[in-house]
Each structure stands twice: as structure tokens, then as C-alpha cells.
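Accompanying notes for the structure given below.
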Ligand code: Q0Z
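Numbering (the numbering used here), first residue to last: 6 to 322.
As C-alpha cells, then:
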């Protein structure tokens, strides 16, 4: 059952070595579009895939008509940074942020290996917030894990917990316990390795971020099996779209924390009187500019390098 539900299974390797992508396509429009999410797209690139992050932004799960310039590059640069840093924990799908990437997508796209994705979202929480806080208040547990009584909203947990969820095609992912995740994957030993790798990735990233003044509250990974059947981490990792990052400065349990990147847009959207149902309103210029700065600041704090260096490193020749 492993590999069902994720789609896009790897094709048999006929290349006799590293996959051949041939000439770099001139534009994205020349490539077959395989999947389109709220804020990104996947294209087919020979035996591989091209993952492209857009500048689109959502608040309260609705996409705004106004893009945040460079958001796609910041997220791609961050995911790429974390893939490069975590190879000692688990192999990943990334092949290149340059070779094979069309000029128009440079900096916001990566070439990746095709995987047979596992049909579970692999969430790790180091702090109790969001849907985890709701579940804890209602039941004292999250995804079947009993937590100590008396926790406060946004409090750090005694130890990071693995709280998988289903991958809903539409609507919201549903929390499931480890046994349910193992049944969906069809291999309990494999699921245990997925859980252990998820927690290890979280611990490593949270410690790194904390040294740079950023709290990684929680994050979500997606795993798959490569053409050799090896477990690898795929999708985007440890980006502000797949994680909750909070500024450590001002962190105070007992209330919700502001998001590092989106809080400015959320605050503006709330105050605008928008009822949080589609369509989302256009975002004013000054809110766009401040939000772009916060994304760039997140990149620079976490990676320790200038965002301009990422753009230069991935620019077309
Ligand atoms: C990722 C997604 C979307 C972006 C499928 N290496 C891989 N092999 C096979 N499948 C995937 C990957 Cl990353 C895969 N997604 C999620 C959807 C845009 C990412 F529309 N879906």
C-alpha cells in the first residue's frame, strides 16, 4: 500500500544513470502542468519534476489577488537551505535549483526526483497552538498523544510530538493517530522511520532557528519512496508556508503568537472588515512592502546569508 494516494509515482529508470532532462525549456508554458496548488505548481520535466513556488499569499485559507514580490524565491531558498543542511538525517528529493530550471522560474523553482508519495501529512509540534491547541482543550490529547494537564496556549511541549494527518484532496486535513497513519501507509516499520525522521528534522531545525531568534512552533513534512524504494523527504520543507515561525522576541505563552511572515497581512485583513470568505481583498502597497521585508528577514535570519545571495546564486547565466 506504500505509495498509493500520492500520485506521480516514479517511472522505471531507462536512463542508465542520472535522469536525462535534455535541453532546458525556454518557458514554463512549454512544460506539462501536473498539479496546481493554492500557491505553487508542479511541472513534468522529463523523468523529473519542476516544483515552482509563486508569490501568491493566503490568509485564513483564502488567496489574495495581490502577490508578495519574492515570496516564491524566499520559500524556495529556505527549503533548499534546509535540504542541504539535513542530509545527515534523511535523503531528500531535491536535484538542482539551477540545472534544468527555466530562466523565468530561477530562484523560485527546483528540479526534484519523482517519488511515490506516502498518503499522510507528517506534522511535528514543539509548541501547542492552532488545531493542536483546540484538540488539546477538547480532549487533553492531540492525534492520540495524551499531553500533560494545565498547558497554556502556545506553550512549549515537554518533547516534540508527531501528529500525522490525512491528506485531504479538498477541505481540511484530519488528525489521525500513529496506528491509523501506519495502516494508511501499509507498513508500520516504515511509518516508525517516517515519524523518527520527522521528529529529528524538527529538532534540528528548531534548534538552528532558535539560535537566530526564531521559534519553529510546528511544521509539516511529506515523504515518499524513490525509484530504489528508499525513504526520502520531498515537497517543500521548513518554509513559512509549511511551518509556524514566531519571532522569539515577544514570545509569551497564554495567547496566540503572531506569525513571523503573515501577521501584518492578517492584522490588516481582519481590521479591513473582510469576513474571511472568498474573494479575499487586494492588499495595500504598504502592507505588501512590509510583508515582503518580513519574508526576506526570515530568509536572512534563518540562513545567515543575504537574500540577494540566493537570487544571484540561482540567476540564469
Ligand atoms: C508533491 C504539491 C502542488 C506543489 C505531489 N517529488 C515528488 N514526487 C511526486 N509527487 C510530488 C513530489 Cl514533491 C508531489 N505534491 C504536493 C502540489 C504543487 C506541490 F499542486 N504533490
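C-beta atoms are modelled at their ideal positions from N, C-alpha and C, and glycine is treated no differently.
Between the region 64-74 and the region 270-282, the count of Cβ pairs shorter than 8 Å is three or higher; the stretches touch.
Rounded to whole angstroms, the separation of the alpha carbons of residue 259 and residue 158 is 5 Å.
The Cβ neighbour count for residue 197, taken over all protein chains shown within 10 Å, is under 16; the residue is labelled exposed. Distances from the CB of residue 117 to the heavy atoms of the ligand Q0Z include at least one below 7 Å.
Within the same chain, Cβ atoms closer than 7 Å to the Cβ of residue 319 are found at 102, 103, 111, 112, the five residues on either side in sequence being excluded. Within the same chain, and ignoring the five residues on either side of residue 208 in sequence, the residues whose Cβ sits closer than 7 Å to its Cβ are 165. Relative to the Cα of residue 73, the nearest Cα in the group 313, 300, 308 belongs to 300.
Short note on residue 122: C-beta closer than 7 Å to some heavy atom of the ligand Q0Z. Secondary structure of residue 151 (DSSP, three-state): strand. For the ligand Q0Z, a non-hydrogen atom lies closer than 7 Å to the CB of residue 98.
For residue 45, the secondary structure class from DSSP, reduced to helix, strand or coil, is strand. Scanning 59, 160, 232, 34 for the CA closest to the CA of residue 97 turns up 232.
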